[in-house]
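Colleague: Same order as they appear, the protein sequences are chains A and B. If you're matching positions, the first sequence starts at 1 in my numbering and goes up one per residue. If you're matching positions, the second sequence starts at 1001 in my numbering and goes up one per residue. Have a look at this one.
There are 2 protein chains.
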Amino acid sequence: MLTYSSTSRPSLQQIAPSGFPQISGAPASRQIEAIGVPMLFKRGNEVYGQGEPGEYIYRVVTGAVRACRILADGRRNIGAFYLPGDMFGLDAGPAHGFSAEAVTDSRLLVIRRRSVLALAASDNEVARELWSLTERELARALERAVLLSKTAQERMAGFVLEMAARAAGETIDLPMPRQDIADYLGLTIETVSRTLTSLEQQAAIELPNCHRIVLRNGPALKELNA
Amino acid sequence: MLTYSSTSRPSLQQIAPSGFPQISGAPASRQIEAIGVPMLFKRGNEVYGQGEPGEYIYRVVTGAVRACRILADGRRNIGAFYLPGDMFGLDAGPAHGFSAEAVTDSRLLVIRRRSVLALAASDNEVARELWSLTERELARALERAVLLSKTAQERMAGFVLEMAARAAGETIDLPMPRQDIADYLGLTIETVSRTLTSLEQQAAIELPNCHRIVLRNGPALKELNA
DNA sequence: CGGCGCCTTGAACCAAGTCAAGCTCTGTGG
DNA sequence: CCACAGAGCTTGACTTGGTTCAAGGCGCCG
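Have a look at this one:
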């Protein structure tokens, strides 16, 4: 059984404060972003911890973030990956149920929750956007739960398709190591590796190197995805 | 492999329309409920179907509802159970990702989404309540995803604790059959049955009959829940 | 009282986990 | 520029938890 200890603390770096400009008439998401402060997080650093109050919400500009939880016995579970364009930190009822860590060096927009709420109070569009973002996050979480009750091959196919949907073309660059994929899919690293190899042998994908997947037969993967 | 065919259609029954009273100053949840129409759904009937637009949101008054999805090959997945007091139907971005069916004869409050949105537009409290409900639903979905990457015994313990948290005392009355529990936990009905028996043998629970579980040792279950 | 749906139990099987090498990058220092 | 070291990935052999297949029991309703 592989266990995890806590990640190193910040050493994060603020890039530039942007103040609180009032951008009326802009789309709601733009308005929310406008009150954010860009920051750099180094690979492996914690953005927020499990159990901390959700004081901020975030938007990934570049890089990748994982939402993870360490269980009492050391097992780790990854609840989501956030890629450029994604907002996260919405999973905080009273407190965050998961911690968030930078998978690679990442540039994040950090937005004060109170500020967004204030904005939402005066602007319906913003309030609606907040709800909509959370709704989308909910849909993703439910989708992952469905994935988790399937076979290893189906989970892997689902994961590849999920990643492919976010990549522009046929080539997927994975920012995360195999262990992260394993913890996301509820499998072991060995099973992830074997299953990817098997998908390659079935000519569904190509694996030029371990950080890259090339889609060769999307329909076949969708078939596997059940 | 057990497969599922579509459930019977409505035969639902409206109890009494309540109109659109304006209840200013009431708590947001009350205001939302006030614009709902109570309806009866018979055991097994569909409340809404997978892929349908989310025209309504619902509140369980009595009974129980399951959110489920049938996969292409006939496997079924249950995404959530909704018990008295729960609101559901919030998982509809453009359309419902899951269908909803009455587990037992159920009395539901049916609320037009458009009406809630209109209410939210003029009342911040309502808008916030909507967001908060969706956030809670998200937290539950993430929690279930964590559960799904554990062992059968841990899943079962988690399920029992989840149900116990909603029951007043030590006695849990399960409205759903074993097959529903299995599809919720991503297990087979046999494993559910065996695992419950095993928990009883460990003196963690008591099974007076198949619709009832009595908590005998909550702490032990929490231990198992990791 | 009989039949049927649902639940439990048993035995055999298999997918995924575990344990253990070995390989391949990638970065580093000589 | 190359050799080396280490982390991360792949592969193999074995084990095991959970599924599958099959039989039997229990309780409810007509």
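Glycine residues also receive a C-beta, built at the ideal position from the N, C-alpha and C atoms.
Taking the beta carbon of residue 1069 (chain B) as the centre, do at least 16 other beta carbons fall within 10 Å, making it buried, or is it exposed?
Modeller: buried
Colleague: On a CA-only basis, which of B:1136, B:1152, B:1202, B:1030 is nearest residue 1082 (chain B)? Give me that one, please.
Modeller: Among B:1136, B:1152, B:1202, B:1030, the Cα nearest to that of residue 1082 (chain B) belongs to B:1136.
Colleague: Can you tell me whether residue 1096 (chain B) is buried or exposed, with buried defined as 16 or more other CB within 10 angstroms of its CB?
Modeller: Per the 10 Å Cβ criterion, buried.
Colleague: Does the CB of residue 1079 (chain B) have a neighbour CB from chain A at under 8 Å?
Modeller: yes
Colleague: Just verifying my parser: in three-state terms, what is the DSSP assignment at residue 108 (chain A)?
Modeller: strand
Colleague: According to the Cβ coordinates, are residue 1102 (chain B) and residue 1045 (chain B) closer than 8 Å?
Modeller: yes
Colleague: Could you give the first and the last residue of the continuous beta strand (DSSP E) run that contains residue 39 (chain A)?
Modeller: Per DSSP, residue 39 (chain A) belongs to the beta strand (DSSP E) from 36-41.
Colleague: So, for residue 174 (chain A): in the same chain, excluding its five sequence neighbours on each side, which residues have a beta-carbon less than 6 Å away from its beta-carbon?
Modeller: 211
Colleague: How should residue 142 (chain A) be labelled, buried or exposed, when 16 other C-beta atoms within 10 angstroms of its C-beta is the threshold for buried?
Modeller: buried
Colleague: Per DSSP, what kind of secondary structure is residue 1053 (chain B) in: helix, strand or coil?
Modeller: strand
Colleague: Establish whether the CB of residue 1136 (chain B) and some CB of chain A are separated by less than 8 Å.
Modeller: yes
Colleague: Tell me the DSSP secondary structure of residue 265 (chain A) in three-state form.
Modeller: Outside the modelled stretch of chain A, which goes from 1 to 226, sits residue 265 (chain A), for which no answer is possible.
Colleague: Closest by CA to residue 1109 (chain B), which one among B:1035, B:1177, B:1156?
Modeller: B:1035
Colleague: In angstroms, rounded to a whole number, what distance separates the CA positions of residue 1124 (chain B) and residue 1193 (chain B)?
Modeller: 47 Å
Colleague: So the alpha helix (DSSP H) residue 1101 (chain B) belongs to, where does it begin and stop?
Modeller: Where residue 1101 (chain B) is concerned, there is no enclosing alpha helix (DSSP H), although the beta strand (DSSP E) it sits in stretches over 1099-1102.
Colleague: Using only alpha-carbon positions, find the residue among A:63, A:50, A:78, A:60 that is nearest to residue 1229 (chain B).
Modeller: This structure cannot speak to residue 1229 (chain B), because chain B is shown only from 1001 to 1226.
Colleague: Looking at residue 85 (chain A): is its Cβ nearer than 8 Å to the Cβ of residue 54 (chain A)?
Modeller: no
Colleague: Nearest-angstrom Cα distance between residue 185 (chain A) and residue 178 (chain A)?
Modeller: 11 Å
Colleague: So, for residue 1167 (chain B): in the same chain, excluding its five sequence neighbours on each side, which residues have a beta-carbon less than 8 Å away from its beta-carbon?
Modeller: 1173
Colleague: Quick one: residues in its chain with C-beta nearer than 7 Å to the C-beta of residue 221 (chain A), no 5 flanking neighbours on either side, listed in chain order?
Modeller: Hits under 7 Å: 157, 160, 161, 204.
Colleague: Using only the alpha-carbon positions, how far apart do residue 226 (chain A) and residue 1091 (chain B) sit?
Modeller: For residue 226 (chain A) and residue 1091 (chain B), the distance between alpha carbons rounds to 21 Å.
Colleague: Using a beta-carbon distance below 8 Å, is residue 160 (chain A) in contact with chain B?
Modeller: no
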